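From first to last, the protein sequence lines are chains A and B. Counting the first sequence from 1 gives a position; the numbering used here is that position plus 15. Counting the second sequence from 1 gives a position; the numbering used here is that position plus 15. Glycine included, each C-beta is placed from N, C-alpha and C at the ideal position. Keep in mind it's a predicted model, so treat the numbers as computed, not measured. Some notes on the structure that comes next.
Protein chains: 2
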Amino acid sequence: MTHPDTQAPVEVARPGKRDRLIAAAQAAMLAHGVERTSLADIAHAADVPLGNVYYYFKTKGELVAAVIERQRSRQQEAFAALDQRPTPAQRLCALLDSWMAQREKLTAHGCPVGTLGTELRKGADELADDSAAVLAGLLGWFERQFTEMGRGDARQLAVALLAAYEGTILLANTLADQDLITVEGERLKQWITSLA
Amino acid sequence: MTHPDTQAPVEVARPGKRDRLIAAAQAAMLAHGVERTSLADIAHAADVPLGNVYYYFKTKGELVAAVIERQRSRQQEAFAALDQRPTPAQRLCALLDSWMAQREKLTAHGCPVGTLGTELRKGADELADDSAAVLAGLLGWFERQFTEMGRGDARQLAVALLAAYEGTILLANTLADQDLITVEGERLKQWITSLA
DNA sequence: GTCTATATTGCGATAGAC
DNA sequence: GTCTATCGCAATATAGAC
Chain A
16 MTHPDTQAPV
26 EVARPGKRDR
36 LIAAAQAAML
46 AHGVERTSLA
56 DIAHAADVPL
66 GNVYYYFKTK
76 GELVAAVIER
86 QRSRQQEAFA
96 ALDQRPTPAQ
106 RLCALLDSWM
116 AQREKLTAHG
126 CPVGTLGTEL
136 RKGADELADD
146 SAAVLAGLLG
156 WFERQFTEMG
166 RGDARQLAVA
176 LLAAYEGTIL
186 LANTLADQDL
196 ITVEGERLKQ
206 WITSLA
Chain B
16 MTHPDTQAPV
26 EVARPGKRDR
36 LIAAAQAAML
46 AHGVERTSLA
56 DIAHAADVPL
66 GNVYYYFKTK
76 GELVAAVIER
86 QRSRQQEAFA
96 ALDQRPTPAQ
106 RLCALLDSWM
116 AQREKLTAHG
126 CPVGTLGTEL
136 RKGADELADD
146 SAAVLAGLLG
156 WFERQFTEMG
166 RGDARQLAVA
176 LLAAYEGTIL
186 LANTLADQDL
196 ITVEGERLKQ
206 WITSLA
């Protein structure tokens, strides 16, 4: 802490300027959609001047790509944590528990992965496939759990579970009723338990 | 047909100019989203000059409102047709059959009601509630069928069915796999039959 | 690397002739 | 009622000083 002025003459960027932009973009795009979120909004929220955004991301699309990559990365961490649990049924139920715990945010803005994927499919965007890969990652993880439970119809069960998951959030969001997530969550947990 | 020039000096609009705009708006907005659909696109598709759109709709929002009203109207017609069938299980399965028959369009663009509701919730739009009412209409119809089947948990069953319905379309659209609709459709029909 | 000022474009909406 | 021309604005992206 001594002589802070004399050392490090090179201006080191406050760590995370780029990360702050990605996080701000993710939050704003989840709340208002990609199209309605301007780079000015993101820059303001991240406390970065507008023109400087283009030093980190050449286009808005690159920023969206970074958001998707961040989702994928977070998803892998979540899987790693869940995989610590001993049985597949416990892992699936633990995910449903954390899902229900987030019901307020999910009801307010929808599923981050689902709504982004839906919006990107409407554009001519190549990014749609990247977003789809995140959803496919969740589907694959579900399928692995069911396979480990010895189910030959693991794929179909995974599709049914993911559809119920995404569909319930869509309903909760559109109808503005977070209790739908609680009720469906409990029903799905019972269903999983009955399969184990 | 005689003397067509001398009669009806008042220029009667070719029937359906307004309707053409609504239909074109619905198609374009389903394909590309409300935000990305410009009034110029709609006017061009409906073969109406851009400036003339404002004679029929004061704002773009009014045009979206007309699209929603059209969805609601079509939904009522669909319910009336389905209600001709003798049993609630037959009605539900008939709806799932028509759903599966439309799997190609649903996979390409998502559910017209679900994607519109999701997008409008992202905006500050008051129209979101109008769109939600259409989804709620479908939910209510489901619930009536289960009630008529003598189920005390009709509401919960309706939520589960609608979530599976919307969630499956979201997956089929995002993952670009229309077979998901076929597989889930058959599973849901079996489930309904098992309840009857 | 950082930031201000601005070029450029596309869209919603309007004015006003016919 | 119909249509052309255009305004005003917001947003992406760039130029260029520091």
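Residue j beta carbon less than 9 Å from that of residue i
i: Q193 of chain A; j: A104 of chain A; result: no
i: L131 of chain B; j: L78 of chain B; result: no
i: R87 of chain A; j: V149 of chain A; result: yes
i: L176 of chain B; j: F157 of chain B; result: yes
i: A61 of chain A; j: A39 of chain A; result: yes
i: E92 of chain B; j: G48 of chain A; result: no
i: L154 of chain A; j: V174 of chain B; result: no
i: T133 of chain A; j: S146 of chain B; result: no
i: I57 of chain B; j: A43 of chain B; result: yes
i: L97 of chain B; j: M164 of chain B; result: no
i: Y71 of chain B; j: R33 of chain B; result: yes
i: G76 of chain B; j: D140 of chain B; result: yes
i: T197 of chain B; j: M115 of chain B; result: yes
Contact set between residue i and chain B, taken where Cβ atoms lie within less than 9 Å
i: G152 of chain A; result: Within chain B, no residue comes near G152 of chain A; the closest Cβ sits about 11 Å away, beyond 9 Å.
i: T197 of chain A; result: Neighbours of T197 of chain A on chain B: none; closest Cβ ~11 Å, over 9 Å.
i: E119 of chain A; result: Within chain B, no residue comes near E119 of chain A; the closest Cβ sits about 15 Å away, beyond 9 Å.
i: G138 of chain A; result: H47, G48, R51
i: G125 of chain A; result: T133, R136, K137
Partner residues on chain A for residue i, Cβ-Cβ distance less than 7 Å
i: G200 of chain B; result: Simply none; closest approach about 11 Å.
i: H59 of chain B; result: Ordered by position in chain A, no residue passes the 7 Å Cβ test against H59 of chain B, which lies about 18 Å from the chain.
i: G129 of chain B; result: L185
i: G132 of chain B; result: T189
Listed by chain order, chain B residues near residue i by CB distance under 8 Å
i: K75 of chain A; result: Neighbours of K75 of chain A on chain B: none; closest Cβ ~14 Å, over 8 Å.
i: E50 of chain A; result: G48, E50, R51
i: L177 of chain A; result: G182, L186
Presumed contact (8 Å Cβ cut-off) between residue i and residue j, rounded CB distance
i: L186 of chain B; j: E181 of chain A; result: 7 Å
i: R85 of chain A; j: Q41 of chain A; result: 6 Å
i: G129 of chain A; j: I184 of chain A; result: 7 Å
i: R136 of chain A; j: G125 of chain B; result: 7 Å
i: L203 of chain A; j: A179 of chain A; result: 6 Å
Per-residue contacts from residue i into chain A (C-beta, under 8 Å)
i: Y180 of chain B; result: G182
i: V174 of chain B; result: T183, L186, L195, V198, E199
Residue i, buried or exposed, once every other Cβ within 10 Å from all chains shown has been counted against 16
i: E199 of chain B; result: buried
i: L65 of chain B; result: exposed
i: P101 of chain A; result: exposed
i: E201 of chain B; result: exposed
i: K73 of chain B; result: exposed
i: T208 of chain A; result: exposed
i: T21 of chain A; result: Residue placement at T21 of chain A is poorly supported in this model, since its pLDDT is 39, which falls under 50; the coordinates are not used for a value here.
i: M16 of chain B; result: With a pLDDT of only 37 at M16 of chain B, under the threshold of 50, the placement of this residue in the model should not be trusted; the figure read from the coordinates follows. Exposed, since its Cβ has fewer than 16 Cβ neighbours within 10 Å.
i: Q99 of chain B; result: exposed
i: H18 of chain A; result: Confidence is the limiting factor: at H18 of chain A the pLDDT is only 41, short of 50, which leaves the residue's position unreliable, though a coordinate-based value still follows. Burial call: exposed.
i: V63 of chain B; result: buried
Partners in chain A for residue i, counting only beta-carbon separations shorter than 9 Å
i: K204 of chain B; result: Those do not exist, as K204 of chain B stays about 13 Å from chain A at its closest Cβ, beyond 9 Å.
i: A147 of chain B; result: T189, L190, A191
i: Q171 of chain B; result: V198, E199, R202
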